[in-house]
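Q: The structure is given below, and queries will be raised subsequently.
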Amino acid sequence: MPEINVATKAAMLALYAECDYSALRLTQLFDVSQTSVRRIIKEARERGFNPTRRPLRIEDKYLEPKPRTGGTKKNPATYP
0 MPEINVATKA
10 AMLALYAECD
20 YSALRLTQLF
30 DVSQTSVRRI
40 IKEARERGFN
50 PTRRPLRIED
60 KYLEPKPRTG
70 GTKKNPATYP
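Residue numbers (numbering that gives the first Met the number 0): 0 to 79.
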């Protein structure tokens, strides 16, 4: 699944907070799964997003992708 860009995530949060759009409505508008919409909103809230705060604030830290997990890649040049 392609990653959803930051501008799209910001638009989703704005419509969710200001216009009270549901996950289903956001899914229809942006052609992403409801699971993705709910995850974006949940992660933004965990990072400090408050949809009832006025003036509405959508900060970069609410939308940045999580660091990927996993081990470091081995450099084949260092192994015989």
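From the three backbone atoms N, C-alpha and C, an ideal C-beta is built for every residue, glycine too. Please read these numbers as outputs of a predicted model, since none were measured by experiment.
1. Counting only the same chain and skipping the five closest in sequence on each side, list residues whose C-beta sits under 6 Å from that of THR34.
2. Does the distance from the CB of ALA22 to the CB of ILE40 come in under 9 Å?
3. Would a C-beta distance cut-off of 9 Å place LEU28 and ILE57 closer than the cut-off?
4. Beta-carbon within less than 6 Å of TYR61's beta-carbon, same chain only, minus the 5 sequence neighbours each way: which residues are those?
5. Using a threshold of 9 Å, state whether the C-beta atoms of THR7 and VAL31 are closer than that.
A: The short version:
1. none
2. yes
3. no
4. ALA43, ARG46 and PHE48
5. yes
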